[in-house]
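Enquirer:
In our numbering, the protein residues as written are 599 to 959.
#1: What is the DSSP secondary structure of residue 761, counted as helix, strand or coil?
#2: Just to confirm, are residue 965 and residue 753 a CB contact at a threshold of 7 Å?
#3: Using only the alpha-carbon positions, how far apart do residue 883 and residue 686 sit?
#4: For residue 773, collect the residues of the same chain with a Cβ closer than 7 Å to its Cβ; drop the 5 residues on either side in sequence, then sort them by chain order.
#5: Let me confirm a value: residue 902 is counted as buried when at least 16 other C-beta atoms fall within 10 Å, else exposed. Which label applies?
#6: Which residues in the same chain as residue 763 place their Cβ atom closer than 6 Å to its Cβ, once the five residues preceding and following it in sequence are excluded?
#7: Please work out which residues of its chain come closer than 7 Å, Cβ to Cβ, to residue 610, disregarding the five sequence neighbours upstream and downstream, and give them in chain order.
#8: Report the rounded CA-to-CA distance for residue 838 versus residue 707, giving the unit in angstroms.
#9: Pick helix, strand or coil for residue 732, following the three-state DSSP scheme.
#10: Return the Cβ separation of residue 749 and residue 738 in integer angstroms, given the expectation that the two are a contact with Cβ distance under 8 Å.
#11: Distance, Cα to Cα, residue 930 vs residue 826?
#12: Three-state secondary structure (DSSP) at residue 937?
#13: If we define contact as Cβ-Cβ less than 7 Å, is residue 825 a contact residue for chain C?
#14: My understanding is that residue 813 touches residue 889, with C-beta atoms under 8 Å, so please give their C-beta distance in whole angstroms.
#15: I'd like the list of long-range same chain contacts for residue 650, defined as Cβ closer than 7 Å, with 5 residues on each side in sequence excluded.
#16: Of all the options 841, 731 and 695, which has the alpha carbon lying nearest to the alpha carbon of residue 717?
#17: Beta strand (DSSP E) containing residue 742: first to last residue?
#18: Am I right that residue 909 and residue 950 are in contact with their C-beta atoms under 8 Å? What's the rounded C-beta distance?
#19: Tell me whether the segment 614-622 and the segment 670-687 touch, counting them as touching only if at least three CB pairs, one residue from each stretch, are closer than 8 Å.
#20: Mapping DSSP to helix, strand and coil, what is residue 610?
#21: Going along the chain, which residues of its own chain have a beta-carbon closer than 6 Å to the beta-carbon of residue 731, five neighbours each way excluded?
See below:
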């Protein structure tokens, strides 16, 4: 088993990465949470797979909601919180988030606010959740104005990632997670990016050894960033590479565009912006585009997006300052812009519109 430690303001937690880890779920949860009354929160799609994974969960301790980004709302948070209260959960209880990024964000927000905060564990079952969303402690829900605008910083007590669950994912869901791994290479590790290029065939075949390395290295990269900047006051902003435009595209599509696919498109557009601003040499956006295409991810939008709606969503991005849209942009493969301790740069709406429009051509 590979274990990665993540530090935060009040302590640290371990991310366990091991094929077959779900077979030792009770033991690993006990290490991280102690002897607590556990409530499992999952979506209906993941809950239906638990028998396929030989995962035994107490039926009266399983709380589910309809799968998909549309469920990541205050309404679902309220319903889950009320259900836990009605079932007698208290401050000696803990939450287990079993599922993808939506489950982790929503269940983590329930844990952060339930009786003013109880511990929780992340048990990610999608690639995107394993190598990115489950690590870092950012939890929350969406609103009509944008993604993750209501939330908290609430680190998990433990993260348990079993790459065997990735073998059951639909192809589109699986490939979407690869975009976040590409992002990690762009922002922090050129050699990791090159390894993904060399290993694309093995990754598409879901080779277990390659998958385990992919998850582990991405977790190491994210852990290093969030341990240094837990509350996104500085360097952690680089983890949002590709995400400002991605969130705009997701919202404009009414969340029909999956998050990972949107991140890939956002990376291409934001690398093009960095090139046009003279921050990075020409060629990076094309190298990113080629890799994403090799991994089976879209590199163009199916229909031209409504720019007014995309820009409106980006105007509500949490990185913005003084009304200006700010992006985390690369200056080289594996290295991000840093100027006087600031990790984002203001970008004009005209340049944003041009880059997004370019995704349709």
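Using N, Cα and C, we set each Cβ at its ideal position, and we do this for glycine too. Computed from a predicted model, the values in this text were never measured in an experiment.
Expert: On the basis of the coordinates in this document:
#1: Position 163 of the chain shown, counting from 1, holds the residue named residue 761. In the structure shown, residue 761 sits in a helix (DSSP, three-state: H, G or I).
#2: No answer is possible for residue 965: it lies beyond the span of the chain, which begins at 599 and ends at 959.
#3: Your numbering for residue 883 matches position 285 in the chain shown. Your numbering for residue 686 matches position 88 in the chain shown. Near 52 Å, if we compare the C-alpha coordinates of residue 686 and residue 883.
#4: To locate residue 773, count along the chain shown from 1; it is residue 175. The residues are 893, 894 and 895.
#5: Your numbering for residue 902 matches position 304 in the chain shown. Under this definition residue 902 is an exposed residue.
#6: Stepping through the chain shown from its first residue, residue 763 is reached at position 165. So the list reads 723, once near-sequence residues are dropped.
#7: Along the chain shown, read from residue 1 onward, the residue named residue 610 stands at position 12. Excluding residues within five positions, the ones whose Cβ falls inside 7 Å are 603 and 604.
#8: Within the chain shown, numbered from 1, the residue matching residue 838 stands at position 240. Within the chain shown, numbered from 1, the residue matching residue 707 stands at position 109. Between residue 838 and residue 707, the C-alpha separation is close to 20 Å.
#9: In the chain shown, the residue the question calls residue 732 occupies position 134. Reduced to three states, the DSSP call for residue 732 is coil.
#10: Along the chain shown, read from residue 1 onward, the residue named residue 749 stands at position 151. Along the chain shown, read from residue 1 onward, the residue named residue 738 stands at position 140. That belief holds up - the Cβ atoms of residue 749 and residue 738 are roughly 2 Å apart, short of 8 Å.
#11: As a working note, residue 930 is residue 332 in the chain shown. As a working note, residue 826 is residue 228 in the chain shown. So the alpha carbons of these two residues sit roughly 21 Å apart.
#12: The count along the chain shown starts at 1 and reaches residue 937 at position 339. Three-state DSSP puts residue 937 in a strand.
#13: The structure shown contains no chain C, having only a single protein chain.
#14: If you number the chain shown from 1, residue 813 lands on position 215. If you number the chain shown from 1, residue 889 lands on position 291. About 18 Å separates the two Cβ atoms, so there is no contact after all.
#15: As a position in the chain shown, residue 650 is number 52, starting the count at 1. 766, listed in sequence order.
#16: Numbered from 1 along the chain shown, position 119 holds the residue referred to as residue 717. Residue 717 has its Cα closest to that of 695, out of 841, 731 and 695.
#17: Residue numbering aside, residue 742 sits at position 144 when the chain shown is read from its first letter. Where residue 742 is concerned, there is no enclosing beta strand (DSSP E), given that its DSSP letter is neither H nor E.
#18: As a first step, residue 909 must be located in the chain shown, where it is residue number 311. As a first step, residue 950 must be located in the chain shown, where it is residue number 352. The pair is a contact, with the Cβ atoms about 7 Å apart (cut-off 8 Å).
#19: no
#20: Mapped onto the chain shown, residue 610 falls at position 12. In the structure shown, residue 610 sits in a strand (DSSP, three-state: E or B).
#21: Counted from its first residue, the chain shown places residue 731 at position 133. Cβ within range, chain order: 699 and 702.
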